[in-house]
Amino acid sequence: MSLDTATVRRIAKLARIRLEGEEILLLQGELNAILGYVEQLNEVDVTGVEPLSGGARMAMRLRADVCDDGEIAAEILANAPERAGMFFAVPKVVE
Amino acid sequence: MSLTDLTIAEAAAGLAAKTFSAVELAAAHNAAIAALNPRLNAFITVTPDLALAQAKAADEKIAAGAAETLTGIPLAIKDLFCTAGVRTTAASRILEPFVPPYESTVTAKLLAAGAVFLGKANLDEFAMGSSNMSSGFGPVENPWKRAGSDAKLVPGGSSGGSAAAVAARLALGAMGTDTGGSIRQPASFTGIAGIKPTYGRCSRYGIVAFASSLDQAGPLARTVEDCAILLAAMAGFDPKDSTSAERPVPDFRAAARRGVKGLRIGIPAEYRMDGMSGEIEALWQKGIFWLREQGAEIVDISLPHTKYGLPVYYIVAPAEASSNLARYDGVRFGARVEGEDLIDMYERTRAAGFGAEVKRRIMIGTYVLSAGYYDAYYLRAQKIRALILRDFTEAFAKVDAILTPTAPSAAFGMGEKMDDPVTMYLNDVFTVSAPLAGVPAMSVPAGLDAQGLPLGLQVIGRHFDEETVFAVSGALERAAGFSGVPAVMAGGAA
């Protein structure tokens, strides 16, 4: 399976990465090389094999549903690129 | 002997005996960093004043008879661990302005054990790489040189700054993380030891996430015993990480001295790869000889899905990365590039903030998770990951540990293997399987190649059996008697 430039543009859109002209061609070649490399996985018979999602080998632990911190808005906002009072600020979304 | 040449065990003994002070030890390392970091670029951020303040507090603790295991020990911290009040970049321009308001669990444990932090070590951007060439803050130079050549070599990656700092005597030990080989391969390239513990052994809380089902923190140091000392301080249950294991932390240091008498060591046929250098094969045979000589039984085993480890990794890791890195959008923290609207701001922020390798992996990950391709790529990779785990489970029914080479080559030159991404990925061929299965694995320096560059051997163990990994690694270390030092190091070459 080989990606065309339209697909590369679509993936970039999904990934929210702006690509300029020649970058698309470069990435197209590199992504196709990687996809070509992983193609060998099709040789493996995976019939009846349960997928393994993680290395933890244990059930997900649940914690008590209680609030155990908070009141740290100033700390959370300290790294904001732009803020308005006690809020994160972004370009206008709703016209 | 210079203070920068000590092992952690020796330094702790010297501090306890008041042969030297923690302030003297920190100052010696600060001076070494000031002299060599401009060349090696092993640290992105150095914190000499913080180190001296922590060392002063360490001296007071020692004077009061209240020293902990790492009191006064100067360490380098991979710049992937959040450190409260100290900039944490993950070697990405997108995190250039980020100063965490909180401390990662692993670094908090080290601080509680009395450690002194010299600075934040360089790495491949977001830990994605095997050469440290993808850092947004410039490459790291390996302090080792080929005999008779001044060509700059890579230290491996992604924990390349951590490995270079320890090898060049800029720190007594370092924190690294390993997702596909990021502790073990740089350890092998720089002639030091490093262990990736079992998944869940160390908390991932506060470590910038790359691939959450694979990422594990671990130590790099100049001896197996030093790695054992560091891992004991880092490990342990943490309620803040839902994948952290509720298990007691064993005495790793004692395990490193245990020996291998009666242990069964597996030699996997599939690690003998086409085109593998004769030197790597010869070193592997030496390792087998050393362990047999010390009373281990050598057993031929098979890990049939070994060759699929890399392609599985290069689906699973980018998939998780594309999801984890979605948070870098220029809104709540990190760098922002303004745009015409919100979406344009996201796209420009991420285009400017991420380097080429990170963009590649986000794109691959986005693709393999996208509608219509999920089953063909991601789900299939997860199933083969299950087969890789099954290989290990079956092997560990017959053997106590597995011995392999760490990497298919010694350190390579800067700019080499850069022609296409897959060539670079092949560096991880021997190291990816352990994180896919979640088992612990360690690299031990075992010899030099014909050009005078260090080579490591890898020991893989059962889940949560780092003790046997340390026992085998300690035996290899004693037999190898590795005493090589890099061309570039504090105090000059030996």
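Protein sequences appear in the order of chains C and U. Per the numbering used here, the first sequence runs over residues 1 to 95. Per the numbering used here, the second sequence runs over residues 1 to 494. Where a beta carbon is used, it is the ideal one built from N, C-alpha and C, also for glycine.
Exercise. Tell me whether the beta-carbon of Met363/U lies closer than 7 Å to the beta-carbon of Ala15/C.
Key: yes
Self-check item: Close Cβ partners of Phe88/C (< 8 Å) along its chain, the five nearest in sequence each way excluded
Solution: Leu77, Ala80 and Glu82
Practice problem: For Thr366/U, go through chain C and note every residue whose CB falls closer than 7 Å to its CB, in chain order. | Solution: Ile11, Leu14 and Ala15
Quiz item: Under 7 Å Cβ-Cβ, which residues of chain B neighbour Ile34/C?
Solution: The chain labelled as chain B is not found among the protein chains of the depicted structure, namely C and U.
Exercise. Starting from the N-terminal side, write out each stretch of the alpha helix (DSSP H) that is 4 residues or longer and does not extend beyond the region 6-51 of chain U.
Key: 8-16 and 22-40
Quiz item: Is any heavy atom of the ligand GTP found at a distance shorter than 6 Å from the C-beta of Ile192/U?
Solution: Absence of the ligand GTP from the depicted structure is noted, as is the absence of any ligand whatsoever, leaving it without description.
Quiz item: Using a C-beta cutoff of 7 Å, does Tyr496/U count as contacting chain C?
Solution: Because residue 496/U is not part of the residues shown, which for chain U are 1 to 494, the question remains open.
Quiz item: Around the Cβ of Gln54/U, are there at least 16 other Cβ atoms within 10 angstroms (buried) or fewer (exposed)?
Solution: buried
Quiz prompt | Beta-carbon proximity check, Ala471/U vs Arg184/U, cutoff 7 Å | solution = no
Quiz item: In terms of residues, what are the limits of the beta strand (DSSP E) holding Thr404/U?
Solution: Ala401 to Pro405
Quiz item: Taking the alpha-carbon positions, what's the Gly484/U to Thr19/U distance?
Solution: 26 Å
Quiz item: Given 8 Å as the limit, is there contact between the region 88-104 of chain U and the region 136-150 of chain U, that is, 3 or more CB pairs closer than that?
Solution: yes
Quiz item: Should Gly85/C be flagged as near chain U, meaning a C-beta pair shorter than 7 Å?
Solution: no
Self-check item: Uninterrupted alpha helix (DSSP H) stretches inside the region 182-246 of chain U (no shorter than 4 residues)
Solution: 184-190 and 224-234
Quiz item: Measuring CA to CA, which of Pro318/U, Ala211/U, Ile384/U and Arg146/U is closest to Leu455/U?
Solution: Arg146/U
Quiz item: To which residues of the same chain is Met234/U closer than 7 Å at the C-beta, ignoring the five residues directly before and after it?
Solution: Val106, Lys109, Leu110, Cys202, Ala217 and Pro219
Quiz item: Below 8 Å, can you find three or more Cβ-Cβ pairs linking the region 179-196 of chain U to the region 145-165 of chain U?
Solution: yes
Exercise. Kindly indicate which residue of Thr366/U, Arg462/U, Val316/U and Ser370/U has the alpha-carbon position closest to the one of Val432/U.
Key: Val316/U
Quiz item: Taking only runs of the beta strand (DSSP E) that begin and end inside the region 408-455 of chain U, which ones reach a length of at least 3 residues, in chain order?
Solution: 441-448
Quiz item: My guess is that Ala165/U and Ala174/U are in contact by the Cβ rule of under 8 Å, so how many angstroms apart are they, rounded?
Solution: 6 Å
Quiz item: alpha helix (DSSP H) containing Ile315/U: first to last residue?
Solution: Gly309 to Asn324
Quiz item: By how many angstroms is the C-alpha of Pro186/U removed from the C-alpha of Asn132/U?
Solution: 9 Å
Quiz item: If Leu453/U and Ala487/U are in contact, beta carbons under 8 Å, what's the gap, nearest whole angstrom?
Solution: The pair is not a contact, with the Cβ atoms about 10 Å apart (cut-off 8 Å).
Self-check item: Ala493/U in three-state terms, based on DSSP
Solution: Residue placement at Ala493/U cannot be trusted, given a pLDDT of 47 that sits under 50; the coordinates are not used to answer.
Quiz item: Is Val396/U helix, strand or coil when you go by DSSP?
Solution: Note that residue 396/U is Phe in the sequence shown, not Val. In this structure, Phe396/U counts as coil in the three-state DSSP scheme.
Practice problem: On a CA-only basis, which of Asp274/U, Ser104/U, Ile229/U and Ala171/U is nearest Val208/U? Give me that one, please. | Solution: Ser104/U
Practice problem: Report the three-state DSSP secondary structure of Arg385/U (helix, strand or coil). | Solution: helix
Quiz item: Ala395/U: buried (16+ other C-beta within 10 angstroms of its C-beta) or exposed?
Solution: buried
Exercise. Express the C-alpha separation of Leu3/U and Ala115/U in angstroms, rounding to a whole number.
Key: 16 Å
Quiz prompt | Among Tyr313/U, Trp284/U, Arg39/U and His305/U, nearest to Ile265/U - alpha-carbon criterion | solution = Trp284/U
Quiz item: How many angstroms separate the CA atom of Leu15/U from the CA atom of Ile62/U?
Solution: 8 Å
Quiz prompt | Selected residue, minimal CA-CA separation from Arg204/U, among Val224/U, Thr71/U and Thr243/U | solution = Thr243/U
Self-check item: Ser162/U beta carbon less than 7 Å from that of Ala228/U
Solution: no
Quiz item: Can you tell me the Cα-Cα spacing of Pro304/U and Arg272/U, whole angstroms?
Solution: 12 Å
Practice problem: Decide if Lys78/U is buried, meaning its Cβ has at least 16 other Cβ atoms within 10 Å, or exposed. | Solution: buried
Self-check item: The beta strand (DSSP E) enclosing Leu14/C, as first and last residue numbers
Solution: Here Leu14/C belongs to no beta strand (DSSP E); instead the alpha helix (DSSP H) covers Thr5 to Leu14.
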